[in-house]
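Inspection log for the structure reproduced underneath, given as structure tokens.
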Amino acid sequence: MAAFAGVAVALAQLPLFKETLRISPLIISVLIGMIYANTLRHKLNPTWVPGLAFSSKRILRLAIVFYAFRLTLADIYEAGATAFIYDLIIVSSVILLGVLIGRWLKMDRDTAILTASGSAICGAAAVLGTEPVLGASSEKTVIAVATVVLFGTLSMFLYPLVHATGWLGLTDHQMAIYTGGTLHEVAHVAGAGGAMGEAIASTATITKMIRVILLAPFLLILTSVLHRGGRGGATAQRKVSIPWFAIWFLIMICVNTLIAYLAEQQGINDLYNQVCGGIRWADDFGLCMAMAALGSDASFARFKRAGGKPFLLAGALYLWLTIGGYCLIRLIG
Numbered sequence: 030m031a032a033f034a035g036v037a038v039a040l041a042q043l044p045l046f047k048e049t050l051r052i053s054p055l056i057i058s059v060l061i062g063m064i065y066a067n068t069l070r071h072k073l074n075p076t077w078v079p080g081l082a083f084s085s086k087r088i089l090r091l092a093i094v095f096y097a098f099r100l101t102l103a104d105i106y107e108a109g110a111t112a113f114i115y116d117l118i119i120v121s122s123v124i125l126l127g128v129l130i131g132r133w134l135k136m137d138r139d140t141a142i143l144t145a146s147g148s149a150i151c152g153a154a155a156v157l158g159t160e161p162v163l164g165a166s167s168e169k170t171v172i173a174v175a176t177v178v179l180f181g182t183l184s185m186f187l188y189p190l191v192h193a194t195g196w197l198g199l200t201d202h203q204m205a206i207y208t209g210g211t212l213h214e215v216a217h218v219a220g221a222g223g224a225m226g227e228a229i230a231s232t233a234t235i236t237k238m239i240r241v242i243l244l245a246p247f248l249l250i251l252t253s254v255l256h257r258g259g260r261g262g263a264t265a266q267r268k269v270s271i272p273w274f275a276i277w278f279l280i281m282i283c284v285n286t287l288i289a290y291l292a293e294q295q296g297i298n299d300l301y302n303q304v305c306g307g308i309r310w311a312d313d314f315g316l317c318m319a320m321a322a323l324g325s326d327a328s329f330a331r332f333k334r335a336g337g338k339p340f341l342l343a344g345a346l347y348l349w350l351t352i353g354g355y356c357l358i359r360l361i362g
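Using my numbering, the letters of the sequence shown map in sequence onto residues 30 to 362.
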């Protein structure tokens, strides 16, 4: 998985992926894993299987914790109350709609929640964070990530085009919050925001990071809800487990905030930025390993068994994000 992650990180630096398509190394990793799953996976030495499980579980949780080094509490303050309220409404409504529409489509609970979390919060990273709380299979996780790739990439190209026409009638500040509050991946926000100008890109990214922060409260609430709705036996016992990585995620945000403040006071911001840059690179690499491991367990036969319902759900949530999100920013922006 380390080799797959290395290839993904290298490919993500190519102009085609970095500047034209704006595809994150996480997405490339899962695609590489899927190619492997449908070509050479049957030749995998059985002694290597525990390594896949280690990458998709242990490394994943550690990487989610260190994802916090992208954030500080100052990010929330800088974005202002409007961005925070907007994100809170968007995240809550998408999760709720995802569960309700999933039931209406008669989807299994895990796939519906994974798909909703990816649409609501921060794309593939949110799906990865939600997977261990649900105890979901890698097959369901990869399907949810696929919906993120499809609809997030569509918005990344669509938003700048529509904004350029002036049809939306939004100010730059409103468009920034709308972009950061409704696009799936951080990379999608960076791509769309960058195409609309530096001012929009900056506020859009901060707005997106607030959604990322909401991942931890979501996971804690999800754990509580699953525990109350548990049905006896081993399943209920599994659901009682607390997602400590989510709690550590919040703690590390506070730690990063404190370190950033001390670095500024001591005049060593350059050193702080270099260290954080190294941590973020290592964290991206760990997330890529986890995504590659998940992708390597996703054969096309499993996708066929899943059917089109996950994409119908993701499409419905996409319509709510784009249309409902637009109405909301006009109302409170």
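Ideal placement from N, C-alpha and C gives every residue a C-beta, glycine not left out. Predicted, not measured: the structure shown is a model, and the values here were computed from it.
The segment 104-113 and the segment 220-235 touch, with three or more beta-carbon pairs separated by less than 8 Å. Taking the Cα positions, residue 171 is about 9 Å away from residue 156. Shown here, residue 121 sits in a helix according to DSSP, grouped into three states.
Beta-carbon to beta-carbon, residue 148 and residue 357 are separated by about 15 Å, too far to satisfy the 8 Å threshold. Taking the Cα of residue 249 as reference, the smallest distance to any Cα among 229, 228, 227, 274 is reached at 274. By the CB criterion at 8 Å, residue 131 and residue 342 fall inside the cutoff. Distance from the CA atom of residue 301 to the CA atom of residue 69, rounded to whole angstroms, is 43 Å. With respect to the 8 Å criterion, residue 212 and residue 150 are not classified as neighbours on the basis of their beta carbons. Straight across, the Cα-Cα distance linking residue 322 with residue 195 is about 43 Å. Judged by their CB atoms, residue 94 and residue 340 are not nearer to each other than the 8 Å cut-off.
Considering only 126, 52, 319, the residue with the shortest C-alpha distance to residue 32 is 319. If you check the CB distance, residue 54 and residue 317 come in under 8 Å.
A straight-line Cα-Cα distance of about 7 Å links residue 314 and residue 38. Between residue 207 and residue 354, the C-beta spacing is below 8 Å.
Unbroken alpha helix (DSSP H) runs of no fewer than 4 residues, entirely contained in the segment 286-352, are found at 298-324, 329-335, 338-348, following chain order. Residue 286 places its beta carbon 8 Å or farther from that of residue 117. The distance from the Cβ of residue 241 to that of residue 100 is about 6 Å, consistent with a contact at the 8 Å cut-off.
In the structure shown, residue 152 adopts coil according to DSSP, grouped into three states. Closest in alpha carbon position to residue 98, among 308, 175, 350, is 308. Per DSSP, the continuous alpha helix (DSSP H) segment holding residue 355 begins and ends at 354-361. By the CB criterion at 8 Å, residue 162 and residue 214 fall outside the cutoff.
The C-alpha of residue 252 is placed about 16 Å away from the C-alpha of residue 121.
Less than 8 Å separates the beta-carbon of residue 152 from that of residue 181.
Annotated three-state conformation of residue 190 is helix, per DSSP. The beta carbon of residue 284 sits closer than 6 Å to none of the beta carbons in its chain outside the five residues before and after it.
Residue 200 and residue 87 have their alpha carbons spaced roughly 44 Å apart. Here DSSP, grouped into helix, strand and coil, assigns residue 133 to helix. With respect to the C-alpha of residue 338, the residue from 65, 49, 140, 60 having the closest C-alpha is 140. In the three-state reduction of the DSSP assignment, residue 196 falls in the coil class, being assigned neither a helical nor a strand state. Put simply, the backbone Cα of residue 107 is about 34 Å away from that of residue 129. For residue 211, the enclosing alpha helix (DSSP H) covers residues 201-211.
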